[in-house]
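For reference, the structure discussed in these notes is given below.
Residue numbers (the working numbering): 25 to 170.
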């Protein structure tokens, strides 16, 4: 039953991502952002007013988002530098749970950031990957929020 649920989840996420990454959808979103940027009122508004409005809009958009993902893809460095790099990490600041993906050489790194102390999601994710036979290394930064 768990495999069926997981497969359904993966299929659903894949369909949603493909839908939102269609060129037409991306173009619509970019045009909306560009239109807002060049709106006459936005152009003449003082910076603090713009910042307050953008903060409010961002908060409203975040209410619709459960988790965010950032994927920088695969990195490569030129020869002299590449000898000194073993693994790459990147993280973003988080107002909601977020995971970041980046790979270098044969290592894929997933980093989780969250404004929450509870790490149940991260633990379950690592357990799932391990259960599938995927080697996992876990590193944790202690929280100063306790």
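Backbone N, C-alpha and C fix where the C-beta goes; we use that ideal spot for every residue, glycine too.
Integer Cβ distance of residue i from residue j, believed to fall under 8 angstroms
i: residue 121; j: residue 143; result: That belief does not hold up - the Cβ atoms of residue 121 and residue 143 are roughly 10 angstroms apart, past 8 angstroms.
i: residue 126; j: residue 153; result: Not really, about 17 angstroms apart at Cβ, beyond 8 angstroms.
i: residue 109; j: residue 128; result: 7 angstroms
i: residue 74; j: residue 66; result: 6 angstroms
Proximity winner among the options, relative to residue i (alpha-carbon distances)
i: residue 118; options: 135, 56, 48, 69; result: 135
Reduced DSSP secondary structure (H/G/I, E/B, other) of residue i
i: residue 94; result: strand
Residue burial classification, residue i (beta-carbon count within 10 angstroms, cutoff 16)
i: residue 35; result: exposed
i: residue 140; result: exposed
i: residue 123; result: buried
Jot down the residue ranges of each uninterrupted beta strand (DSSP E) in the segment 40 to 125, minimum 3 residues, whole runs only, in chain order.
92 to 99
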